[in-house]
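Mind the numbering: the sequence shown is residues 148 to 884 in our numbering, read in order.
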Amino acid sequence: MVSNVSAQVIKSVQRNSAIINDLNLDFEKVIGGVPKGWDIRNSQNYTITVDTVNSFTGKHSICFQYTGIKTTAPKEGSGIVLKLPHNYNGKILTLTGYIKTENATGGVASLLVNIPNVTFGILDQQITGTTPWKKYTLSVGLIPAKTKEIYIGGLFTAEGTMWLDDLEVQIDDKSLSVAEIRPVRRFPAEKDTAFIRGSGLTTMRMNKQTLTNLKVLGMVWGFLKFYHPGVAAGKYNWANTLFRLLPKIASAKTDQQRDTILTRFIQGLGPLKGKYKARALPKGASIKMSVDTSWFYAKAITQPLQKVLSAVFYAKPASENYYYSFDQSTNVVFPHDKEFVDIKSNDIGLRLLALFRYWNAVEYFYPYRYLLTDWEQVLTDYIPKMILANTRQKYDLTLLSMIEKIKDSHGALFGSQQERLFFGENTPLFTIRYIGGKWIVDRYLDSAIAFRSGIQIGDELEKINGQSIKNIVKERLDITPGSNMAVKYRNLSWHLLNTANDSMILTLERDGRQEIKKVKTYNGAIYQNKIYGLVKRGQPPFKIIGDGIAYIYPGTFKNSMLDSVMQIARSTKGMIIDLRSYPADFMVFTLGNKLGRHRSGFARYAHIDPLRPGQSILDYIASTGTENPDCYKGKVVLLINEYTQSQSEYTAMAFMALGATIIGSTTAGADGDISYVSLPGDMSTVFSGLGIYYPDGGEIQQVGIVPDIICKPTITGVKAGRDEPLERDVLFIETGK
Numbered sequence: 148m149v150s151n152v153s154a155q156v157i158k159s160v161q162r163n164s165a166i167i168n169d170l171n172l173d174f175e176k177v178i179g180g181v182p183k184g185w186d187i188r189n190s191q192n193y194t195i196t197v198d199t200v201n202s203f204t205g206k207h208s209i210c211f212q213y214t215g216i217k218t219t220a221p222k223e224g225s226g227i228v229l230k231l232p233h234n235y236n237g238k239i240l241t242l243t244g245y246i247k248t249e250n251a252t253g254g255v256a257s258l259l260v261n262i263p264n265v266t267f268g269i270l271d272q273q274i275t276g277t278t279p280w281k282k283y284t285l286s287v288g289l290i291p292a293k294t295k296e297i298y299i300g301g302l303f304t305a306e307g308t309m310w311l312d313d314l315e316v317q318i319d320d321k322s323l324s325v326a327e328i329r330p331v332r333r334f335p336a337e338k339d340t341a342f343i344r345g346s347g348l349t350t351m352r353m354n355k356q357t358l359t360n361l362k363v364l365g366m367v368w369g370f371l372k373f374y375h376p377g378v379a380a381g382k383y384n385w386a387n388t389l390f391r392l393l394p395k396i397a398s399a400k401t402d403q404q405r406d407t408i409l410t411r412f413i414q415g416l417g418p419l420k421g422k423y424k425a426r427a428l429p430k431g432a433s434i435k436m437s438v439d440t441s442w443f444y445a446k447a448i449t450q451p452l453q454k455v456l457s458a459v460f461y462a463k464p465a466s467e468n469y470y471y472s473f474d475q476s477t478n479v480v481f482p483h484d485k486e487f488v489d490i491k492s493n494d495i496g497l498r499l500l501a502l503f504r505y506w507n508a509v510e511y512f513y514p515y516r517y518l519l520t521d522w523e524q525v526l527t528d529y530i531p532k533m534i535l536a537n538t539r540q541k542y543d544l545t546l547l548s549m550i551e552k553i554k555d556s557h558g559a560l561f562g563s564q565q566e567r568l569f570f571g572e573n574t575p576l577f578t579i580r581y582i583g584g585k586w587i588v589d590r591y592l593d594s595a596i597a598f599r600s601g602i603q604i605g606d607e608l609e610k611i612n613g614q615s616i617k618n619i620v621k622e623r624l625d626i627t628p629g630s631n632m633a634v635k636y637r638n639l640s641w642h643l644l645n646t647a648n649d650s651m652i653l654t655l656e657r658d659g660r661q662e663i664k665k666v667k668t669y670n671g672a673i674y675q676n677k678i679y680g681l682v683k684r685g686q687p688p689f690k691i692i693g694d695g696i697a698y699i700y701p702g703t704f705k706n707s708m709l710d711s712v713m714q715i716a717r718s719t720k721g722m723i724i725d726l727r728s729y730p731a732d733f734m735v736f737t738l739g740n741k742l743g744r745h746r747s748g749f750a751r752y753a754h755i756d757p758l759r760p761g762q763s764i765l766d767y768i769a770s771t772g773t774e775n776p777d778c779y780k781g782k783v784v785l786l787i788n789e790y791t792q793s794q795s796e797y798t799a800m801a802f803m804a805l806g807a808t809i810i811g812s813t814t815a816g817a818d819g820d821i822s823y824v825s826l827p828g829d830m831s832t833v834f835s836g837l838g839i840y841y842p843d844g845g846e847i848q849q850v851g852i853v854p855d856i857i858c859k860p861t862i863t864g865v866k867a868g869r870d871e872p873l874e875r876d877v878l879f880i881e882t883g884k
């Protein structure tokens, strides 16, 4: 018996070894100029070729080369990927490979691992300049039960050249040849391919009954998607189910007729087994947000439907759900929401699918839903809007308007070409900012060109092409997401000056006089990094300013610099941490341990209950600092404003708990990681996926971090080129007030 098992194991390993050899991880097998089995994904201005001159071992390597003009704009880059032949049981996947670079600047040169709906990993360290062949290691966590496909490869989004060679993959430090293969489960839902190109529903009458019917359908459809065990088991293609129900429900003449169809439909989804039993919460945990089932009992819903909905809600839930799961950060992922890339403008069914999918994702997985007192009304309002959004631009902008309604600075619409075309892709070479209730020119993107246009820093913008800027702002606020008005004004500043034309007429006020200027516009993509201003790329990560004050700029600061920086900073009287940027490295615990004499709790988490979507549990308290008598002794001051968002806010909360003083203006009010929702038309959106609170449960979302000392830029200061909030930080360190 033992010898028979051993023989089977040996054969299995031999078969697996043959498969691994065929993966062509050394790029030695080339067919038609392409490494066998690999998928090359180039974008504009990039090439990927097989190099027969430069290689680490063997005859071949992969060469990534940027061929475009030098620019600071972010680039799509290029990649080469390979789909692994199996899913594997294990905890950690490790990809190693050799990389060489030449003049690499302004982007990423990296290994990559992509496990859709689970993780996307690239190297933590930034490879820049010219570097010799070196071995790099990338490790990501595995969630085998949630994994359908695993892709590995290389990614290059920088200027210059990168070479890649000799990759190796291990699962829990074991070669793929001996790793345990996990069979990929196929679900009945995947066999239903009836609506590959869309719903086919192109006309719909709108009356009060129809709109009520569609609202009930949208809420029932979303509830069943996340709660019915038959749907959770992957028995049904839920998008196709909606398309089949839409004509019947829309045409129902009465509430009773509609609810009879829905009741019979639910009863046909399969039996409900057992009862839901609430789990005991961990010590110190509490329910922050409850599931809203009040709509079950709305006047428009008849008693038979109320009963079946209640039965589903109180039934024993499935341990896993085909349509949702959670990543390692407990953010929801929707692994089987079909994207419908080629959406047709006249497809009402696809537009309603987008509406119902997004509305229910927020209803059941947005940890701050309780802040949205009118969320059900949003569904009511947007059903007719979606039906009437019969062009691609109307559809995209209607989605953007709906995203704005969740009041989340993370909110955005990705992949919408129509949004870019609506605003325009050209811009003059200066930026504006909302200061003191006015729109003020605050920066040049190209000093020489902008100055020659006659525009001066400090000019007040009154009209664009003859239209009052106040009216433009009023029109666009509805399609400008943001947790609070400071962020909405920030986001407006990014596109108020956009146009499709090569010039624009601006009406300005300067020193009490009105001036009219015709200014030339340029492709905004070239200046994108400067326009957004989230990170000043030329800013030194550390310097000494004033009379012995340490200044750290997290936007370019790396944890590898920490020990040498603290050695210099330890003798300074104070430290300014400028969080008006997004940190280049996660410094909450690294720098936090240098600043705190004692360990301090700074943030409390709330996550969505995986067995009770729509319910959030307030639980874990994060702490930073350590018992460190040798901690930094000077004053610590944090500089914040509306650009302080997400990880920057989280960092500020941590250092606040260690005694730092906060100076500046209110932050973006969007803490926590993000959750993605795919939308028909090859688009996606995000929302804050984790609830983040002060240790006492106080709100950050929408509110933002309110500084101890408020200091905002003034028009006078902008004209003089001063950084007034930074000056206020220095004053506080010098005087203590």
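Built from N, CA and C at the ideal position, the CB exists for glycine as well.
Could you say which of the options lies nearest to residue i if we only look at CA atoms?
| i | options | result |
| --- | --- | --- |
| Asp-843 | Lys-435, Leu-709, Lys-463 and Gln-614 | Lys-435 |
| Leu-170 | Tyr-193, Asp-710, Ile-847 and Leu-229 | Leu-229 |
| Pro-451 | Ile-408, Ser-433 and Leu-786 | Ile-408 |
| Tyr-542 | Tyr-752, Leu-873, Asp-439 and Phe-569 | Phe-569 |
| Ser-346 | Trp-385, Glu-874, Ile-318 and Thr-359 | Trp-385 |
| Gly-685 | Phe-704, Ile-696, Ile-692 and Ile-691 | Phe-704 |
| Ser-441 | Ser-548, Tyr-235 and Gln-453 | Gln-453 |
| Thr-567 | Leu-259, Leu-644, Lys-677 and Met-353 | Per the sequence presented here, residue 567 reads as Arg, with Thr not at that position. That would be Leu-644, whose Cα lies nearest to the Cα of Arg-567. |
| Ile-343 | Ser-835, Pro-232, Gly-496 and Ala-697 | Gly-496 |
| Glu-662 | Glu-609, Glu-296 and Met-632 | Glu-609 |
| Leu-302 | Tyr-193, Pro-291, Arg-660 and Val-438 | Tyr-193 |
| Ala-292 | Pro-482, Ile-209 and Ala-326 | Pro-482 |
| Tyr-636 | His-207, Val-620 and Ala-501 | Val-620 |
| Leu-765 | Glu-846, Asn-775, Arg-504 and Ala-462 | Glu-846 |
| Pro-827 | Leu-428, Val-316 and Ile-490 | Ile-490 |
Would you mind stating whether residue i and residue j have Cβ atoms separated by less than 8 Å?
| i | j | result |
| --- | --- | --- |
| Met-800 | Phe-736 | no |
| Ile-880 | Gly-721 | yes |
| Thr-248 | Gly-268 | no |
| Leu-289 | Leu-172 | no |
| Tyr-669 | Arg-727 | no |
| Asp-474 | Thr-266 | yes |
| Asp-439 | Gly-761 | yes |
| Val-260 | Leu-285 | yes |
| Ser-812 | Asp-484 | no |
| Ala-559 | Thr-832 | yes |
| Ser-771 | Gly-806 | The question names Ser, yet the displayed sequence has Thr at residue 771. Going by C-beta atoms, Thr-771 is not nearer than 8 Å to Gly-806. |
| Leu-231 | Gly-244 | no |
Where does residue i sit, in a helix, a strand or coil, going by DSSP?
| i | result |
| --- | --- |
| Asn-670 | strand |
| Ala-220 | Low confidence applies to Ala-220: its pLDDT is 47, below 50, so where it sits in the model is not reliable, and the reading given next is rough at best. Here Ala-220 sits in coil by DSSP. |
| Met-351 | coil |
| Pro-451 | helix |
| Gln-794 | helix |
| Asp-876 | helix |
| Trp-280 | strand |
| Ile-297 | coil |
| Ala-251 | strand |
| Arg-411 | helix |
| Trp-310 | strand |
I'd like the list of long-range same chain contacts for residue i, defined as Cβ closer than 6 Å, with 5 residues on each side in sequence excluded.
| i | result |
| --- | --- |
| Ile-699 | Phe-689 and Ile-724 |
| Ile-413 | Val-455 |
| Gly-868 | none |
| Thr-357 | Ala-397 |
Spatial neighbours of residue i within its chain, please: C-beta separation below 8 Å, excluding the five flanking residues on both sides.
| i | result |
| --- | --- |
| Arg-657 | Gln-603, Gly-605, Asp-606 and Glu-607 |
What does DSSP give as the partner residue(s) for residue i in the beta ladder?
| i | result |
| --- | --- |
| Ile-699 | Phe-689 and Ile-724 |
| Met-436 | Ser-763 |
| Lys-422 | Ala-462 |
| Lys-664 | Leu-653 |
| Val-833 | Tyr-823 |
| Asn-573 | Thr-646 and Asn-670 |
| Val-228 | Asp-186 and Gly-300 |
Once you ignore the five residues that flank residue i on each side, which residues in its own chain have a CB closer than 7 Å to its CB?
| i | result |
| --- | --- |
| Asp-319 | Gly-237, Lys-238 and Ile-239 |
| Ser-208 | Phe-174, Asp-198, Asn-201, Ser-202, Trp-310, Leu-311 and Asp-312 |
| Arg-516 | Met-436, Val-509, Glu-510 and Trp-522 |
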